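For reference, the structure is listed below as structure tokens.
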Amino acid sequence: MPPEQLSSNRKSTDFDLRELQNVHPQDWKNPEPAHRYSLVVIGAGPAGFLTALNAAKVGAKVAIVERDRFGGACFNIGCIPSKTIIRTSRLYAEIRNADNFGAEVPSGISVNFPAVMERMRRVRARVSRRVSAQKLTSAGVDVFFGQARFAGPKAVEVEGKLLHFKRALIASGARPKVPSIPGIAAAGYLTNENVFDLDECPRRLLVLGGGPLGCELAQAFCRLGSHVNIVQDDPMFLGNEERDAAQILSEALARDGIDIHLNSQAVGVRADGKGKIVDLVSDDYKFTLTVDEILVGIGSTPNVTDMNLEDAGVHYDKDAGIMTNDYLQTSNPRIYAAGDVCSEKKFPHIEVAASEIVVRNALFWGRERLSMSAVPFCTYTDPEIAHVGLYFTEARAKDIPVKTFTVMMSDVDRAITDSEDEGFVKIHVKEGTDQIIGATVAASHAGELISEISLAMNAKIGLRALARVNYPYPTQAQAIKLAANAYLDTLRNPIRNWLRKQWL
Amino acid sequence: MHGVERFTAQKAFQNRSINTETPAHLVTLPDDDLLNALQRAAFGYFLTQCNSANGLVADRSVAGAPCSIAVVGFALCSYPIAVERRWMTRDDAARRILTTLLFFLNSAQSEAPDATGYMGFYYHFLDMQTGKRVWDCELSLIDTALLLGGILAASAYFTGNSPIEVQIRQVAETLYSRIDWQWAQHGGPTLPQGWKPESGFLHYGWEGYSEAILLYVLALASPTHAIPANSYSAWTSTYQWENLYGYDFLYAGPLFIHQLSHAWIDFRRIQDPFMREKGSDYFKNSCQATYIQRQYALRNPKDFRGYGENVWGFSAGDGPSPQRIRIDGVDRSFFGYTARGVPYGPDDGTICPPAALASLVFVPDMALAAVRCLCDRYPEVIKEYRLPSGFNPSFIRNGSRGWISEGYLGLDQGIVTLMIENYRSQLIWKLMRQCAYIRNGLRRAGFRGGWL
Chain F
1422 MPPEQLSSNR
1432 KSTDFDLREL
1442 QNVHPQDWKN
1452 PEPAHRYSLV
1462 VIGAGPAGFL
1472 TALNAAKVGA
1482 KVAIVERDRF
1492 GGACFNIGCI
1502 PSKTIIRTSR
1512 LYAEIRNADN
1522 FGAEVPSGIS
1532 VNFPAVMERM
1542 RRVRARVSRR
1552 VSAQKLTSAG
1562 VDVFFGQARF
1572 AGPKAVEVEG
1582 KLLHFKRALI
1592 ASGARPKVPS
1602 IPGIAAAGYL
1612 TNENVFDLDE
1622 CPRRLLVLGG
1632 GPLGCELAQA
1642 FCRLGSHVNI
1652 VQDDPMFLGN
1662 EERDAAQILS
1672 EALARDGIDI
1682 HLNSQAVGVR
1692 ADGKGKIVDL
1702 VSDDYKFTLT
1712 VDEILVGIGS
1722 TPNVTDMNLE
1732 DAGVHYDKDA
1742 GIMTNDYLQT
1752 SNPRIYAAGD
1762 VCSEKKFPHI
1772 EVAASEIVVR
1782 NALFWGRERL
1792 SMSAVPFCTY
1802 TDPEIAHVGL
1812 YFTEARAKDI
1822 PVKTFTVMMS
1832 DVDRAITDSE
1842 DEGFVKIHVK
1852 EGTDQIIGAT
1862 VAASHAGELI
1872 SEISLAMNAK
1882 IGLRALARVN
1892 YPYPTQAQAI
1902 KLAANAYLDT
1912 LRNPIRNWLR
1922 KQWL
Chain D
216 MHGVERFTAQ
226 KAFQNRSINT
236 ETPAHLVTLP
246 DDDLLNALQR
256 AAFGYFLTQC
266 NSANGLVADR
276 SVAGAPCSIA
286 VVGFALCSYP
296 IAVERRWMTR
306 DDAARRILTT
316 LLFFLNSAQS
326 EAPDATGYMG
336 FYYHFLDMQT
346 GKRVWDCELS
356 LIDTALLLGG
366 ILAASAYFTG
376 NSPIEVQIRQ
386 VAETLYSRID
396 WQWAQHGGPT
406 LPQGWKPESG
416 FLHYGWEGYS
426 EAILLYVLAL
436 ASPTHAIPAN
446 SYSAWTSTYQ
456 WENLYGYDFL
466 YAGPLFIHQL
476 SHAWIDFRRI
486 QDPFMREKGS
496 DYFKNSCQAT
506 YIQRQYALRN
516 PKDFRGYGEN
526 VWGFSAGDGP
536 SPQRIRIDGV
546 DRSFFGYTAR
556 GVPYGPDDGT
566 ICPPAALASL
576 VFVPDMALAA
586 VRCLCDRYPE
596 VIKEYRLPSG
606 FNPSFIRNGS
616 RGWISEGYLG
626 LDQGIVTLMI
636 ENYRSQLIWK
646 LMRQCAYIRN
656 GLRRAGFRGG
666 WL
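Protein chains in written order, with my numbering: chain F, 1422 to 1925; chain D, 216 to 667.
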């Protein structure tokens, strides 16, 4: 897609143009390439941008190639726009629920959808300043716009110019997976690439896919006024997430008024004058829904074509992406890969973690492994679902005896005062020790709570030490303290019992 | 229902030595008399809701209800109890059991959508008269296992040499032998929940601890189509060992999960590899789960009416029906039949009294206190000594004191009958401890120690 165009027929706003000036200046002229670069980065999403910036900061000669917009999917069509409208949708939900907080529900609540989207574009334009092409050039990075193609194992060609490199990073990202449902292409559908260009809230919306994107946007659009159906192939939402967390999410979505269809698949789509008619099947039960828009969130396909990866000796799979080892090296040891093009978990902060590893491994002979980092991730529904480290099933598969300390948010005073007492904190430890091996949080602010557990894991702080941390009262983070206290109680009881026997 | 059967059932009730009216005096009875009254009333369900022509028993006591094969399994276990308690003659019990077993032996086993079963398994719900599949329900593995549990218990009890008792044992053997558990695995490491002729195997299985432990033991012990031992460890690899409210336990939310397999198998002091690792056993685990239920009721996180030290019991059962209404200034969501559990819910203020009473073997004092509290505080809940599936003190409409479910569920009455008996005499546990299949299945699952 040419950068000056929007993915829909929506008219460009001032915010769009301001953002565009940051992420793909229309009057940009590619520089003359240097003799040889220490590092050439392909793709200016979170992984590519940060790797280029950090490498330049340590004095490396760096070039970055972007074919579309700086910021990648995260800033343009992912995290930033979605979290912005999620915030507005949460506000509407709270307004409607005001009487449960002892407040008056205003009469005649109506959603100004264009205003919601305008705010989103304003926020996106503001955030885009942090990922601008100018910021990289100021740091000494040569910025090239155009399609990158490898010309052998040590060079990349872009817009007719050859960029020689000692090391390269492929961070070309991914794009929404195209559904193979008969009739859906003709009927038309939305993905995260164009859903944020909507000017009107669909009256009836069908969301295909119950992963993070599908669940987040299903809830957001429901709260902004759509009647939403969500269809998920699996028996629960969020793929491999813990069952209890997925169950809490199901109940939250249902309570908001979303019609949930688990174990179901769309098998055909057709359009008539009244809408898009979707045929669905769940085991032997067949049913039909008529909607105004279909939003597809069934995963993504890595961007691995058009780069002549074969010429560079980089092995890849069209569905799984580029294959890397734990040091993020591809089959060509000079070339690294990071981000959505090679990662199963597609979150920008995982790209950030990967970018830091790449700089150390590619430029400083580092031997850092991605698997050694405890990288949390979060689904920003209400409640949020966050996780870090191992799931208990993964631990058991590795023959690690695991014990889970569970604290319900309904036992946390601040969660009760805020009427946000739904959910839990689960901290998995290696049984017989206080070593944290993973955690799952389902809570209104799970994304914030998981950070502390992630810090503890990366710093190798156990539950025993966490129990000695002082928390301001009342805070929702005290759920972590309560879990740590529960661990201490399992230690204290035998000792206390022994002492009691000795003394009494 | 067959006319003669109904007459016999009514007669059996009339012969009871205790009053059949509203049990205002229940709370004053000594423990054993109280339990006797409750157990006998629960057993009465199988007399009044049974079609004597084929032995099928209704899923619930409402007109037109289909048979649930799991309820038949409980009925088959309850007849030996009735013989021992002198509520039924041995001959009458044997005839009922043989009638039931012969029905299943001769029923249609095919891929036809209205068959009774397929590959030795049976559909969850059957027409009470014809025995054919109803409601397009699934060929159910767990309900077949509960039925088979009843068949094996009956077979273990009727060990005499009379033609009828010999035939019971022969038919039981045939029914077990023809169940193709390996087919049900359909190449996967674990067992699925079921199969439908229209769509094949249900694409969700057993994840986490559940009542499926009896299912796995029976599938592992099959004399003809046993599944490999590693399928059990594949299932237990999904277990989650949690510390909640200060109790360590193998998590499962609804209380029935901690009870169903225990109605048949005495899990005291026998351990599989998972429980050896944790230094516990499934019996102790059910005790912990019950303490957690009480602790949840005391904490009452959703602030429902009635919950307390002696008002608990969150399990599968009836509820007020799906609706959202505002009570005491709070929007409340209610559900119909669903598996309620703690601590993750769903929780709509509904208590399942049979689940509390069925905890008798694990925590006798707690269970008896719960029943006595019910008799004292909510006497209208217990009619003719029988516990309803659910009551909800928070669901207040038109000045009522709450909602009480209509009629009775066969599973509730079955678990109450069996668990009271296991508490009083351990009859079913003793029968199953002698059953070579159960011993073999437990051993193949890796159980060791105790009576095994």
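Quick reminder that beta carbons are idealized off the backbone N, C-alpha and C, glycines included.
Just so it is clear, the structure is predicted and the values come from calculations on it, not from any experiment.
{"Check": "Cβ pair count under 8 angstroms reaching 3, the region 545 to 553 of chain D against the region 1859 to 1874 of chain F", "Outcome": "no"}
{"Check": "Cutoff 7 angstroms; reference LEU1512 of chain F; Cβ partners in own chain excluding five residues on either side", "Outcome": "none"}
{"Check": "7 angstroms Cβ cut-off: residues of chain F touching TYR419 of chain D", "Outcome": "PRO1656 and ASN1684"}
{"Check": "C-beta neighbour in chain D for PHE1826 of chain F, strict 8 angstroms", "Outcome": "yes"}
{"Check": "Heavy atom of the ligand GDP within 7 angstroms of GLY423 of chain D beta-carbon", "Outcome": "Looking for the ligand GDP in the displayed structure turns up nothing, as the structure carries no ligands at all."}
{"Check": "Own chain, CB closer than 6 angstroms to GLY661 of chain D, minus 5 neighbours either side, in chain order", "Outcome": "ASP487 and PRO488"}
{"Check": "Contacts around CYS650 of chain D, its chain only, beta-carbon distance under 6 angstroms, and the 5 residues preceding and following it disregarded", "Outcome": "LEU367 and ALA371"}
{"Check": "C-beta atoms of ILE1715 of chain F and LEU1611 of chain F nearer than 8 angstroms", "Outcome": "yes"}
{"Check": "Chain-order list of residues whose beta-carbon lies under 6 angstroms from that of SER355 of chain D (same chain, five-residue window excluded)", "Outcome": "HIS339 and GLY409"}
{"Check": "Of the residues F:GLU1487, F:PRO1633, F:SER1459 and F:ARG1490, the one placed nearest ASN1475 of chain F, counting alpha carbons only", "Outcome": "F:SER1459"}
{"Check": "Positions along the region 435 to 461 of chain D whose CB lies within less than 7 angstroms of some CB in chain F", "Outcome": "SER452, THR453, GLN455, TRP456, GLU457, ASN458, LEU459 and GLY461"}
{"Check": "Candidates D:ASP342, D:SER283, D:CYS282 and D:LEU361, of which the one nearest LEU633 of chain D by Cα", "Outcome": "D:LEU361"}
{"Check": "When F:ILE1591, F:ASP1437, F:ASN1684 and F:ILE1530 are compared against SER414 of chain D, the one with the closest alpha-carbon", "Outcome": "F:ASN1684"}
{"Check": "ILE365 of chain D - DSSP class collapsed to helix/strand/coil", "Outcome": "Note on residue identity: the sequence assigns Gly, not Ile, to residue 365 of chain D. Reduced to three states, the DSSP call for GLY365 of chain D is helix."}
{"Check": "Beta-carbon contacts of ARG1885 of chain F that lie in its chain and below 6 angstroms, excluding the five residues immediately before and after", "Outcome": "ASP1855"}
{"Check": "Distance between ARG1542 of chain F and TYR1757 of chain F (C-alpha atoms, nearest Å)", "Outcome": "33 angstroms"}
{"Check": "Three-way DSSP call (helix, strand, coil) for VAL1779 of chain F in this model", "Outcome": "helix"}
{"Check": "Boundaries of the alpha helix (DSSP H) in which LEU253 of chain D is found, first to last residue", "Outcome": "246 to 263"}
{"Check": "N-terminal and C-terminal residue of the alpha helix (DSSP H) that ARG305 of chain D is part of", "Outcome": "305 to 321"}
{"Check": "Residue-level contact to chain F via CB, PRO516 of chain D, 8 angstroms cutoff", "Outcome": "yes"}
{"Check": "Top-ranked residue by Cα proximity to GLU1662 of chain F, from F:CYS1763, F:ILE1806 and F:PHE1845", "Outcome": "F:ILE1806"}
{"Check": "LEU1659 of chain F vs CYS1636 of chain F beta-carbon contact at 8 angstroms", "Outcome": "yes"}
{"Check": "Partners in chain D for ASN1829 of chain F, counting only beta-carbon separations shorter than 7 angstroms", "Outcome": "First, the residue type needs correcting, since residue 1829 of chain F is Met and not Asn in the sequence shown. Result: PRO516 and PRO558."}
{"Check": "Beta-carbon separation (whole angstroms), VAL272 of chain D vs PHE261 of chain D, contact threshold 8 angstroms", "Outcome": "6 angstroms"}
{"Check": "Partners in chain D for ASN1729 of chain F, counting only beta-carbon separations shorter than 9 angstroms", "Outcome": "Under the 9 angstroms cutoff, chain D gives no residues; its nearest Cβ is about 40 angstroms from ASN1729 of chain F."}
{"Check": "Contact under 8 angstroms by Cβ, ARG1488 of chain F with GLY1581 of chain F", "Outcome": "no"}
{"Check": "Run of the beta strand (DSSP E) containing PHE1826 of chain F, from where it starts to where it stops", "Outcome": "1823 to 1829"}
{"Check": "Cα-Cα separation between TYR1908 of chain F and GLN503 of chain D, rounded to whole angstroms", "Outcome": "17 angstroms"}
{"Check": "Closer than 8 angstroms to chain F by CB, LYS645 of chain D", "Outcome": "no"}
{"Check": "Contact between the region 1771 to 1780 of chain F and the region 1722 to 1732 of chain F (3+ Cβ pairs under 8 angstroms)", "Outcome": "no"}
{"Check": "Own chain residues within Cβ distance below 8 angstroms of GLN455 of chain D, not counting five before or after", "Outcome": "GLY423, TYR424, LEU465 and TYR466"}
{"Check": "Straight-line gap, ALA478 of chain D to ASP463 of chain D (C-alpha atoms, nearest Å)", "Outcome": "23 angstroms"}
{"Check": "Completely contained beta strand (DSSP E) runs for the region 1644 to 1732 of chain F, where each covers 3 or more residues", "Outcome": "1648 to 1652, 1680 to 1682, 1686 to 1693, 1696 to 1703, 1706 to 1712, 1714 to 1717 and 1721 to 1723"}
{"Check": "Residues near PHE1436 of chain F by beta carbon distance below 6 angstroms, same chain, minus five either side", "Outcome": "ARG1542, ARG1543 and ALA1546"}
{"Check": "Members of the region 351 to 385 of chain D that neighbour chain F once the beta carbon cut-off is set at 7 angstroms", "Outcome": "ASP351"}
{"Check": "Beta-carbon proximity check, PRO568 of chain D vs LEU602 of chain D, cutoff 8 angstroms", "Outcome": "yes"}
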